[in-house]
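Residue numbers (this note's numbering), protein chains in the order written: chain A, 41 to 153; chain B, 20 to 133.
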């Protein structure tokens with residue numbers, strides 16, 4: 041059974057700082073590693089995703105770094121803004137399944153103004 | 020609508036009652052997922068539908084939980100004889116084909132069992 045370990049559980053960052061969230065997985069059935077962003081009262085929304093034929097993907101202020109040999113990937117939020125305050129979930133393919141994702145436990149990010 | 024629609028948005032019911040939660044996926048999406056999210060927790064997979072294939076029910080926590088998807092579109096999650104531990108937000112997501120396709124989530128149904 042795939043487990044995805046996400047850390048930290050909560051993170052407080054000053055405006056303009058860098059937020060870093062880490063995830064580790066065990067096995068993969070396919071190569072697709074997304075990050076989701078969730079605001080209170082809303083469903084998760086896809087933020088950015090990576091297929092590990094590359095080690096890094098950047099979209100605006102958001103970057104995923106991927107280390108396939110270590111089975112780890114991380115989300116970096118540059119120039120963090122108060123509007124980034126949300127819960128972030130990583131996900132990894134569920135072992136033994138060709139079509140499902142297993143989600144991390146979430147990181148609650150607070151960006152102070 | 021353009022997104023995944025879930026109803027009701029909130030449901031309060033007494034312990035022991037049955038509840039039905041509805042999910043209307045994005046048109047054309049063949050894959051549909053149900054998740055449960057307890058307060059401050061991650062997403063717990065419940066069930067997965069893909070086209071006309073038999074659903075993957077491996078995440079359902081007990082036989083009180085069931086789901087169906089009619090006509091490859093709308094899905095209903097049913098919880099029988101509800102218990103207080105069933106209180107959570109139930110999220111539905113759809114995608115074009117599962118696997119490495121992005122999942123699009125609804126805003127969930129917040130279920131409270133008194």
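A virtual CB, placed ideally from N, CA and C, is assigned to each residue, including glycine.
C-beta neighbour in chain B for residue i, strict 8 Å
i	result
residue 145(A)	yes
Buried versus exposed, by CB contacts within 10 Å (16 or more), residue i
i	result
residue 69(B)	buried
residue 146(A)	buried
residue 113(B)	buried
residue 100(A)	exposed
residue 117(A)	buried
residue 115(A)	buried
residue 89(B)	exposed
residue 31(B)	exposed
residue 98(B)	buried
residue 103(B)	exposed
residue 58(A)	exposed
residue 44(A)	buried
residue 100(B)	exposed
residue 35(B)	exposed
residue 78(A)	buried
residue 56(A)	exposed
residue 141(A)	buried
residue 133(B)	exposed
Closer than 8 Å to chain A by CB, residue i
i	result
residue 29(B)	no
residue 121(B)	yes
residue 118(B)	yes
Strand pairing of residue i, partner residues [DSSP]
i	result
residue 71(B)	Answer by DSSP bridge pairing: none, since residue 71(B) is not bridged.
residue 31(B)	131(B)
residue 151(A)	53(A)
residue 95(B)	41(B) and 87(B)
residue 74(A)	89(A)
residue 178(B)	Because chain B in this structure spans residues 20 to 133, residue 178(B) falls outside the shown range and cannot be described.
residue 44(A)	65(A)
residue 127(A)	78(A) and 148(A)
residue 99(A)	102(A)
Per-residue contacts from residue i into chain A (C-beta, under 8 Å)
i	result
residue 126(B)	81, 82 and 83
Under 7 Å by beta carbon: chain A residues contacting residue i
i	result
residue 110(B)	83
8 Å Cβ cutoff, residue i in contact with chain E
i	result
residue 101(A)	The question asks about chain E, but that chain is absent: this structure's protein chains are A and B.
So if I threshold CB-CB distances at 9 Å, which residues from the segment 59-91 of chain A count as touching chain B?
Closer than 9 Å at the C-beta level to chain B, one finds these residues of the segment 59-91 of chain A: 69, 70, 71, 72, 74, 76, 78, 81, 82, 83, 84, 85, 86, 89 and 91.
Members of the segment 58-74 of chain B that neighbour chain A once the beta carbon cut-off is set at 7 Å:
So the close ones are 60, 61, 62, 64, 67 and 69.
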